[in-house]
Amino acid sequence: MNAWNPFAGQGPPDFDYAAFDKDPEIHNNPFYRQDFGGVKITEDVIYKRRNLRVVATGAGAAGLQVAYKFRKLLQDIDLVIYEKNDDVGGTWLENKYPGCACDIPSHTYQFYWNRNPDWSSFYSPAPEILKYLQDTAEKFNLNKYISFRHRVLDTKWDEVKGKWICQIQRPDGTTFIDEADILLATGGGLNKWRFPDIPGRDLFKGAMMHTAAWNTEVDLRDKVVAVIGSGSSAIQVVPGIQPEVKKLLNFVRSPVWLTPGFSAKNAGPEGSNFKYTEEQKEKFRNDPKAYEDYIRKIEEDLGSRFPMQHETSDISKEAKINMKAYMRAKIGNDDIADYLTPEFGLGCRRLSPGNEYMEAFTKGNVQLVKSSVTGFTKNGLLDDQGNEHKVDVIICATGFDTTFTPSFGVTGRDGIDMKAFYGDFPRSYLAVMTPHFPNFYRECISPPSRFIQLTRI
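Have a look at this one:
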């Protein structure tokens, strides 16, 4: 075997790591025992193995991805995932409101390493997605990496140790410190829900809840219900509860582009959902090539939407005209359609599949309130004209705190706070790292990183 030439442009050969368990020793020569700017020379074995401690913060889709990839591809990693809930699933575990579902086609909303040919429908409901994630954790024995009901409270970079000092809360409320060589924020962007910042919320005497903290004890039958918001959760919960309520008031401050379902050409009529037949599922199970082709066809169609977001392009102008006409036809009321139709370009706010939401305004018990909510009263809400709307139940479909920092504190080099460092806009390297925060990685499916479909992770 030829000797390795370090100048030949090739990497070194594989070395045998030393199995050396003794602690490093202080050098025998007094000169080398000096303090060299805070560094002391020790006698240690080169290429000595040591485990890297990795702390991840959340066991939703990103956390499971980390557990699987680290287990499969890496060695000498000591991984722990701290999860505040008592099970995996992330946002799909927490969101239980009526109508909760994924508006991305099922077969492109899955891990490529655990594809599921048995999805029941083109767009999957939340319980089915949660079961998929739970089954994935069980199938690949990923739960062994997860400490459930443990919450990360704070993290600080220790420059001397070269580690992240993490404060963790146990289920009993006590805390402890874990030190990590690498810190992964895998909590996603849809886990810190928020009530609207509107005065007088405590005045209301009826039931009030957020869609992400749904109270199943509240009976909506024959009640007058207010839904605040026009985002994704409102678009799902309004048609989800419409059949059982006496009257539904939807307070909408901001317009939103309402569209057929994503990848409409592969969905049902007008982008509607549909159930897969047993014959289709059997084909997906038994013909991997056909299943792969089907997935790629949907993915290619999803990717083709992005040119629409170039506002001055012909395709964007044409799409806006078509969407306006589509919304008018679906809603069946020009006044409501005009109010809900934005003037801003496609993609400035996420496009929202909303066939059932638009159809809800054709029902006699659904009313659009073209106003923001300015306050709460004992019996209901105040609109921006000062009018009181009396209701029995208030549902806040007001989304999440989607600022670009995790829910816990993150302090980097020289005491730099991540929230203050970002300010109004995040800064990152390759969409997953941040200056002044060494060995801190953002998950690849939430801001400020790129959105990557789970099939591609």
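Its first residue numbered 1, the sequence shown is counted upward by one per residue in our numbering. Every residue gets a Cβ at the ideal spot worked out from N, C-alpha and C, and that includes glycine.
Rounded separation between residue i and residue j - CA only
| i | j | result |
| --- | --- | --- |
| Glu-292 | Tyr-109 | 14 Å |
| Phe-400 | Glu-83 | 18 Å |
| Met-323 | Pro-260 | 9 Å |
| Thr-312 | Leu-64 | 40 Å |
| Pro-409 | Asp-154 | The sequence as given places Gly at residue 409; Pro does not occur at that position. Straight-line Cα distance between these residues: approximately 5 Å. |
| Ala-59 | Asp-334 | 45 Å |
| Arg-413 | Phe-437 | 6 Å |
| Leu-142 | Gln-75 | 16 Å |
| Arg-350 | Val-39 | 51 Å |
| Gly-332 | Pro-353 | 17 Å |
| Gln-236 | Val-256 | 14 Å |
| Lys-320 | Phe-274 | 26 Å |
| Ser-407 | Arg-151 | 10 Å |
| Asn-387 | Leu-340 | 21 Å |
| Glu-179 | Lys-156 | 10 Å |
| Asp-118 | Ser-263 | 19 Å |
| Ser-446 | Glu-270 | The pLDDT assigned to Ser-446 is 40, lower than 50, so where the model puts this residue is not dependable; a value taken from the coordinates is nonetheless given after this. The straight-line gap from Cα to Cα measures roughly 29 Å. |
| Lys-139 | Phe-376 | 48 Å |
| Ile-457 | Val-227 | Low per-residue confidence applies at Ile-457: pLDDT is 37, beneath 50, and the placement is therefore not dependable, though the value from the model is reported in the following sentence. So the two alpha carbons sit approximately 35 Å from each other. |
| Glu-282 | Tyr-326 | 36 Å |
| Asp-35 | Phe-176 | 32 Å |
| Ser-232 | Tyr-357 | 10 Å |
| Asp-424 | Val-66 | 29 Å |
| Asp-172 | Leu-220 | 35 Å |
| Trp-214 | Ser-371 | 24 Å |
| Gly-89 | Tyr-132 | 9 Å |
| Asp-480 | Glu-43 | Any answer about residue 480 is impossible in this case: the structure gives the chain only from 1 up to 457. |
| Phe-361 | Ile-395 | 18 Å |
| Pro-435 | Lys-72 | 29 Å |
Per-residue DSSP class, three states only, for residue i
| i | result |
| --- | --- |
| Lys-163 | strand |
| Val-391 | coil |
| Ser-352 | strand |
| Glu-43 | strand |
| His-107 | helix |
| Asn-114 | helix |
| Asp-417 | strand |
| Pro-307 | helix |
| Arg-296 | helix |
| Pro-409 | Correcting the residue type first, residue 409 is Gly in the shown sequence and not Pro. Gly-409: strand per DSSP, three-state reduction. |
| Arg-53 | strand |
| Ser-313 | coil |
| Trp-492 | No statement about residue 492 is possible, as the shown extent of the chain runs from 1 to 457 and does not include it. |
| Leu-142 | coil |
| Glu-179 | strand |
| Lys-378 | coil |
| Pro-438 | coil |
| Trp-193 | strand |
| Ala-325 | helix |
| Ala-431 | coil |
| Val-66 | helix |
| Gln-34 | coil |
| Pro-171 | coil |
| Ala-207 | strand |
| Gln-280 | helix |
| Trp-92 | helix |
| Tyr-82 | strand |
| Asp-384 | coil |
Minimum Cβ-Cβ distance from residue i to chain C less than 7 Å
| i | result |
| --- | --- |
| Val-45 | In summary, chain C is missing from the structure at hand, where a single protein chain is found. |
Nearest-angstrom beta carbon gap, residue j and residue i [assumed within contact, 8 Å]
| i | j | result |
| --- | --- | --- |
| Tyr-276 | Ser-121 | 7 Å |
| Val-432 | Tyr-422 | Wrong, their Cβ atoms sit about 15 Å apart, outside the cutoff. |
| Ile-146 | Ile-81 | 5 Å |
| Leu-248 | Gln-367 | 7 Å |
| Gly-229 | Ala-397 | 4 Å |
| Val-45 | Ile-182 | With 8 Å as the limit, Val-45 and Ile-182 do not qualify as a contact, their Cβ atoms being about 23 Å apart. |
| Asn-85 | Phe-148 | 7 Å |
| Ile-298 | Met-308 | So it is not a contact: roughly 17 Å between Cβ atoms. |
| Val-391 | Val-218 | Actually they are not in contact, since the Cβ atoms of Val-391 and Val-218 sit about 12 Å apart, beyond 8 Å. |
| Asp-301 | Lys-330 | Contact flag wrong, Cβ pair sits at about 21 Å. |
| Val-245 | Asn-365 | 7 Å |
Near the ligand SAH: residue i beta-carbon under 6 Å from a heavy atom
| i | result |
| --- | --- |
| Asp-293 | Within the structure as shown, the ligand SAH is missing, as the structure has no ligands at all. |
### Message
Count Cβ pairs between the region 97-109 and the region 123-132 that sit closer than 8 Å; are there 3 or more?
### Response
Result yes; three or more Cβ-Cβ pairs closer than 8 Å.
### Query
Touching or not, the region 408-423 and the region 203-212, by the rule of three or more beta carbon pairs under 8 Å?
Touching, no.
### Query
Can at least three beta-carbon pairs, one atom from the region 74-93 and one from the region 278-292, be found at a separation below 8 Å?
As far as the Cβ criterion goes, the region 74-93 does not touch the region 278-292, which means the pair count is below three.
### Query
Using 8 Å as the threshold, is the region 386-401 in touch with the region 183-193, meaning 3 or more CB pairs across them?
Verdict: yes, contact present.
### Task
Report yes or no: do the region 193-203 and the region 376-383 share at least 3 C-beta pairs separated by less than 8 Å?
Touching, per the Cβ criterion.
### Query
What runs of the beta strand (DSSP E), each 3 residues or longer, lie entirely inside the region 211-263?
Qualifying beta strand (DSSP E) stretches, in chain order: 224-228, 247-251.
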